[in-house]
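Working notes for the structure below.
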Amino acid sequence: MIRVLIADDSSFMRNVLSDLFASAPDFEVIGTAADGSEAVKLVSRLKPDLVTMDVNMPMMNGLQALEVIMESCPTPVVMLSSLTKEDADETVRALQLGAVDFITKAGGSVSRIDTIKDEILEKSRNAATAKVKKFINNDNILGKKQEAANLKRINILERKGATVPNRGITPTSIVASRLKPTAHVTATSRTSSILKQHSSVTEKLAKRENPYLKMRNAHSNGSSGGNKLIALGTSTGGPKALQYVVPKLPADMPCGMVIVQHMPAGFTKSLAERLDDISQVKVKEAEDMEPILPGCVYIAPGDYHMEITGSGSQRVISLNQKPPLAAHRPAVDIMFDSVAQYGGDVVSVILTGMGCDGTAGMKKIKEAGGYIIAESQETCVVYGMPKAVVDAGISDEVLPVQNIAEAIMNAVRK
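Sequence positions in the sequence shown follow this note's numbering and run 86 to 499.
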């Protein structure tokens, strides 16, 4: 029996969800909460197997409640979200904080619940089996967001052919223009810390050859990994797992990276933007016929399959709305199938997720000479997609998620 706590400020929605779960023999509603603060207290007291959490609630919203729950009493949480841009941003943030999954309410309307009854029950069952861990502050995992942004600005200047001193850009001016103090660190101490760490970066940039010129040359002549292509697939737990991978990739990554994350339309752009904020590489939602450039990461848009065409330095993204594959669009297997043609130039990665999407495509990549990295069970929220790859005997490395970025770069540079 799955013991459920429902958190929603709408009494009508609480009743609808309670009736929905009561209609399924494997669920038991053990409590309801009208705001985030009440939800936190009930989670601590009742220890539910699953929480359904509305994003927008008074007193303490769903995001704030989720963070407290994941810190104090880690519990599988499924978020309920509308399709507004604001809610999409909040939902992606919730997934990065540790929510297992989310369910969309079109237009924020409760009238659609009957039409997504099966989806709610299926996602709730799956989420209840997920492995969740105590939330760790992202600053400890990723390094400081502002520092990544500062480095990215400096690198953009270099890409345009300028050395930082010649353009009058210093760490001081960059920090002053973008730094925002936090509740725990004053602007003065934060600035001092960043200046100390990055003063040497500016000096190096002024003295060395433009790294993007080197990167472009490597890409064109096939040296130093320039002809490589990184392809990654993930599903449940992916938004959080990607935080351990993408921000650790270096700004001078000599090749491009393509990602399929199972996610509906309206949410992948928010995911890309959030990852871009904390990464040195450029992260964006992929566009049709867009060339794949070194140092860039492209995330397939929700409701579109992503395939890669072209050769060498002329690889291009192709998006389409062919029928879903095993209920997924985008599907990992479709992307992997399309990159198998590049053989030994492919470094493919499979992260946490339900099911086996990606295994068939990885078999083709392996047969063509590509390199296979799978996330290990110890860090997976759901050990499904990586397990299928490991069980198929095609993985070259099986690693905890925090070690995968380094493994990717080692494989790229081989």
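Every residue, glycine too, gets a C-beta built ideally from N, C-alpha and C. Note that the structure is predicted; figures quoted are calculated from it, not measured.
In this structure the stretch 458–467 does not touch the stretch 417–425; the number of beta carbon pairs closer than 8 Å is below three.
Note on residue 452: under 16 other CB atoms within 10 angstroms of its CB, so exposed under the neighbour-count rule. Annotation: residue 353 to residue 188 spans about 14 Å, alpha carbon to alpha carbon. Non-local C-beta neighbours of residue 144 in its own chain, meaning closer than 7 Å and more than five positions away in sequence, comprise 120, 121 and 122, ordered along the chain.
For residue 484, the number of other beta carbons within 10 angstroms of its own is at least 16, and it is reported as buried. By the CB criterion at 9 Å, residue 443 and residue 417 fall inside the cutoff. Around the beta carbon of residue 170, a 10 Å sphere encloses fewer than 16 other beta carbons of the protein chains shown; the residue is thus reported as exposed. In this model, residue 93 and residue 350 are separated by some 24 Å (Cα to Cα).
Residue 91 is positioned such that its CB atom lies closer than 9 Å to that of residue 103. Of all C-beta pairs linking the stretch 325–338 to the stretch 354–372, three or more are shorter than 8 Å, placing the two stretches in contact. Boundaries of the alpha helix (DSSP H) around residue 175: 170–182. In the displayed model, residue 356 falls within a helix according to three-state DSSP. The Cβ neighbour count for residue 470, taken over all protein chains shown within 10 Å, is at least 16; the residue is labelled buried.
Close CB contacts of residue 409 within its chain, under the 8 Å cut and outside five residues either way in sequence, are with 416 (chain order). Beta bridge pairing from DSSP links residue 187 with 164.
A Cβ-Cβ contact shorter than 9 Å links residue 163 with residue 138. Here residue 203 is exposed. Its C-beta has fewer than 16 other C-beta atoms within 10 Å. The C-beta distance from residue 482 to residue 492 rounds to 5 Å, short enough to meet the 8 Å contact threshold. With contacts defined by Cβ atoms closer than 9 Å, residue 374 and residue 398 do not form a contacting pair. Taking C-beta separations shorter than 6 Å and ignoring five residues to either side along the sequence, the partners of residue 310 in its chain run 339, 340, 497 and 498, following chain order.
Pairing residue 96 with residue 401, the inter-Cα distance amounts to about 49 Å. Residue 130 is positioned such that its CB atom lies no closer than 9 Å to that of residue 117. Counting every other CB atom within 10 Å of its CB across the protein chains shown gives residue 407 a total below 16, marking it as exposed. Following the DSSP letters along the chain, one finds residue 482 in no alpha helix (DSSP H) but inside the beta strand (DSSP E) bounded by residues 482–484. Bridge partners of residue 117 according to DSSP: 91. In the DSSP annotation of this structure, the continuous segment of the beta strand (DSSP E) that includes residue 346 starts and ends at 341–346. In the same chain as residue 115, and ignoring 5 residues on each side of it, the C-beta atoms closer than 8 Å to its own belong to 88, 89, 90, 131 and 133, in chain order. Residue nearest to residue 140 within the set 166, 156, 128 and 153 is 166 (criterion: CA-CA distance). For residue 317, no alpha helix (DSSP H) run applies; the uninterrupted beta strand (DSSP E) run containing it begins and ends at 314–319, by DSSP. Taking residue 211 as reference, the option from 176, 161 and 494 with the minimal CA-CA separation is 161. Nearest C-alpha to residue 435 among 426, 313, 347 and 149: 347.
Around the CB of residue 199, fewer than 16 other CB atoms lie within 10 Å, so the residue is classed as exposed.
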